[in-house]
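Take 1 as the starting number for the sequence shown in full-length UniProt numbering and just add one per residue. From the three backbone atoms N, C-alpha and C, an ideal C-beta is built for every residue, glycine too. Accompanying notes for the structure given below.
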Amino acid sequence: MVSRAERSLVGDWWWTIDKALVAALGVLMTSGVVLLMAGGPPVAQRLGLDTFHFVNRQAVFLVPAILVMAGVSFLSPRLVRRLALAVYAGSLALVLLALEFGPEIKGAHRWIYLGPLGVQPSEFLKPAFVVLVAWAFSEKARSDMPGTPIAILLLPLTIVPLILQPDFGQTMLVTIVWACLFFIAGLHWIWVLGLGGAGAVGIFAAYEFLPHVRARIERFMSGDASESFQVETALQSFASGGWLGRGPGEGTVKRILPDAHTDFIFAVTAEEFGIAVCLVIVCVYAFIVLRGLVLAQRSEDAFCRMAVAGLVLMFGLQASINMMVNLHLLPAKGMTLPFISYGGSSLISLALATGFLIALTRRRPAGAAHASGFSRDLPSNGWDEGYAERPA
């Protein structure tokens with residue numbers, strides 16, 4: 001146990017983080033490895049790999065993910081902004097390189113190989129984009145900083161490369177979070193109509209000009225099992241598991257579910273552990289989002305307030321989209337379930353996002369100066385959740 005009187009970086013960190021939020025994230029990380037033991041082996045066996053290939057790799061990826069989350073959580077808001085800018089620039093460059101040099105997988109160029117390591121740069125682009133947009137919107141009150149125009153320009157700069165990949169799911173997620181931040185920043189109702197119209201035009205254009213998007217929408221609307229095999233099989237998993245599940249390792253439908261370890265691990269969870277456990281997972285996600293929004297509302301600093309809101313909305317929307325796809329409420333998006341689906345890029349990028357979240361929700365006295373960029377505040381009576389600081 002760390003003493004409140006201890007003047008150390010770790011001691012200050014322990015007494016200023018939101019422990020309930022960190023605990024909920026820890027529950028998801030642990031659950032991801034456990035649930036992957038159900039969804040990973042059938043896919044590994046079909047591919048001729050070791051039975052626990054995906055489980056072991058996820059456990060290996062979890063180590064750098066925890067280090068990234070913990071390391072980033074020590075940063076001050078100033079360094080969070082600077083790191084986000086660096087990550088955004090590097091990720092955007094890699095997205096553009098993937099368009100030209102990345103392999104085509106399922107009709108899209110989303111991956112790039114750095115030596116033996118495969119990276120999906122769009123995963124890292126998302127949290128950095130949210131932080132930068134929040135930074136830009138929070139600076140709109142300064143006469144010498146064109147915050148709103150910068151925030152508006154960041155949207156096409158980000159989504160155009162995603163559309164070219166194509167990655168319609170990530171494009172929709174980024175756009176929705178951006179619109180939410182625009183609303184939080186004080187959106188006039190005329191802009192609501194304009195953004196809604198632009199979104200409708202964008203969806204229509206994607207349907208007309210992107211065969212990949214059109215095929216997914218038509219498969220979703222057709223209701224024909226032969227045209228939407230994975231989703232129909234996922235629904236069978238829910239029916240097979242019932243409320244309490246068939247038991248660990250007893251699932252049968254998962255053996256024919258192609259992406260049981262990634263996009264459809266929620267369905268595998270339903271079959272083996274039951275709908276009751278799925279509802280518990282939903283509650284954990286809901287707690288993280290609501291807790292984050294409460295902490296954002298308490299903050300007196302505009303940047304922290306907007307960035308925290310944007311990060312938890314992105315986290316919650318991604319989880320919701322994945323679960324809705326599993327329940328045939330949305331077309332397949334190829335979007336992972338945060339911290340539960342298999343994937344190194346997804347896991348480490350989510351660790352980066354939650355590291356930002358923990359750092360920005362730490363309790364700091366108003367007006368504290370952090371010249372070093374690291375937080376060394378001692379607990380005191382009457383915390384102020386905000387952080388008064390000049391921008392970087």
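- DSSP puts I105 in a beta bridge; with which residues? DSSP, once it has assigned bridges, lists A108 as partnering I105.
field: Where the alpha helix (DSSP H) through V34 begins and ends
entry: Residues 19 to 46.
Segment limits, beta strand (DSSP E) that includes V253: Annotation: V253 is outside any beta strand (DSSP E) and is labelled neither H nor E by DSSP.
* To do: Decide if W135 is buried, meaning its Cβ has at least 16 other Cβ atoms within 10 Å, or exposed.
  => W135 is buried by the Cβ-count criterion.
Note to self: Let me check one thing: in DSSP terms, what residues is Y285 bridge-paired to?
What the structure shows: When DSSP reads this structure, Y285 sits in no beta bridge, so it has no partner.
**Request:** Using three-state DSSP, classify L75 as helix, strand or coil.
**Result:** In the structure shown, L75 sits in a strand (DSSP, three-state: E or B).
Check: Who does V119 pair with in a DSSP beta bridge?
Finding: For V119, DSSP records a beta bridge to I112.
Item checked: Spatially closest choice to T158 from Q170, T148, G147, P149, by CA coordinates -> When only C-alpha atoms are compared, the closest one is Q170.
Looking only at its chain, what residues have a beta carbon closer than 8 Å to the beta carbon of P248, apart from the 5 residues adjacent to it on each side?
Here the set comprises M37, A38, E272, F273.
Starting from the N-terminal side, write out each stretch of the alpha helix (DSSP H) that is 4 residues or longer and does not extend beyond the stretch 319 to 368. With a minimum length of 4 residues, the continuous alpha helix (DSSP H) runs that stay inside the stretch 319 to 368 are 344 to 360.
Next on the checklist: Only counting the same chain, and skipping five residues up and downstream in sequence, which positions put a Cβ closer than 6 Å to that of V289?
Outcome noted: Result list for V289: V312, G316, in chain order.
Do three or more CB pairs link the stretch 94 to 109 to the stretch 118 to 127 at distances below 8 Å? Contact between the stretch 94 to 109 and the stretch 118 to 127 is established, with three or more Cβ pairs separated by less than 8 Å.
Report task. Starting from W14, follow the alpha helix (DSSP H) in both directions and report where the run begins and ends. Result -> Start and end: 9 to 16.
Next item on the list: Measure how close the beta-carbons of V72 and A359 come, nearest whole angstrom, since I'm counting them as under 8 Å.
Entry: Contact flag correct, Cβ pair sits at about 6 Å.
Candidates L164, P161, I190, A200, of which the one nearest I176 by Cα: Ranking the options by Cα distance to I176, first place goes to A200.
#### Entry: Contact belief for Y88 with A151 at Cβ below 8 Å, rounded distance in angstroms
So it is not a contact: roughly 13 Å between Cβ atoms.
Compare the beta carbon distance of A65 and A351 with 9 Å and say whether it is the shorter of the two. Against a cut-off of 9 Å, the Cβ pair of A351 and A65 comes out as a contact.
(Q) Rounded to the nearest angstrom, what separates N326 and M335 at their Cα positions? (A) C-alpha separation (whole angstroms): 11 Å.
*At which residue ranges does the stretch 121 to 167 contain complete beta strand (DSSP E) runs of 3 or more residues, listed in the order of the chain?*
List check, beta strand (DSSP E) in window: nothing returned.
Below 9 Å between beta carbons: does that hold for G241 and G251? With respect to the 9 Å criterion, G241 and G251 are classified as neighbours on the basis of their beta carbons.
Next item on the list: Measure the C-alpha to C-alpha separation of S341 and R246 and round it to an integer number of angstroms.
Entry: Going by the C-alpha atoms only, they are around 21 Å apart.
Q.
Cutting at 6 Å between CB atoms, please list the residues of its own chain near S226, excluding the five before and the five after it.
A. Low confidence applies to S226: its pLDDT is 47, below 50, so where it sits in the model is not reliable, and the reading given next is rough at best. Excluding positions up to five away in sequence, the list is empty.
- Task: Please state if the CB of V10 and the CB of F353 are separated by a distance shorter than 9 Å.
- Result: The sequence given here has Ala at residue 353, not Phe. No, they are not a contact pair.
#### Entry: Residue burial classification, F303 (beta-carbon count within 10 angstroms, cutoff 16)
That one is buried.
Task: Per-residue burial, A392 [other beta carbons within 10 Å of its own, 16 or more giving buried] - done: Legend: pLDDT at A392 = 46, less than 50; position of this residue unreliable, value from coordinates given subsequently. Around the beta carbon of A392, a 10 Å sphere encloses fewer than 16 other beta carbons of the protein chains shown; the residue is thus reported as exposed.
When every heavy atom of the ligand COA is checked, does at least one fall within less than 8 Å of the C-beta of L295?
Here there are no bound small molecules, and the ligand COA is not part of this structure.
Coil, strand or helix - L49 by DSSP
Coil, per DSSP.
message: F74 and L347 - do their beta-carbons sit closer together than 9 Å?
response: In this structure, L347 sits away from F74, with a CB-CB distance that is not shorter than 9 Å.
Check: Where does L244 fall in DSSP's three states?
Finding: If DSSP states are grouped into helix, strand and coil, L244 belongs with coil.
Helix or strand or just coil, what does DSSP make of E271? Helix at E271.
**Candidates T148, L173, E232, Q165: closest to G310 by CA position** = Of the residues T148, L173, E232, Q165, the one whose Cα lies closest to the Cα of G310 is L173.
Notebook entry, point to check: Roughly how many angstroms lie between the CA atoms of G197 and P156, to the nearest whole one?
Noted result: Cα to Cα, the separation comes out at about 16 Å.
Cα-Cα separation, L295 to T361: Roughly 6 Å separates the two Cα atoms.
Item to check | Nearest-angstrom Cα separation, counted from F339 out to F266 | outcome: Between the alpha carbons of F266 and F339 lies a gap of roughly 12 Å.
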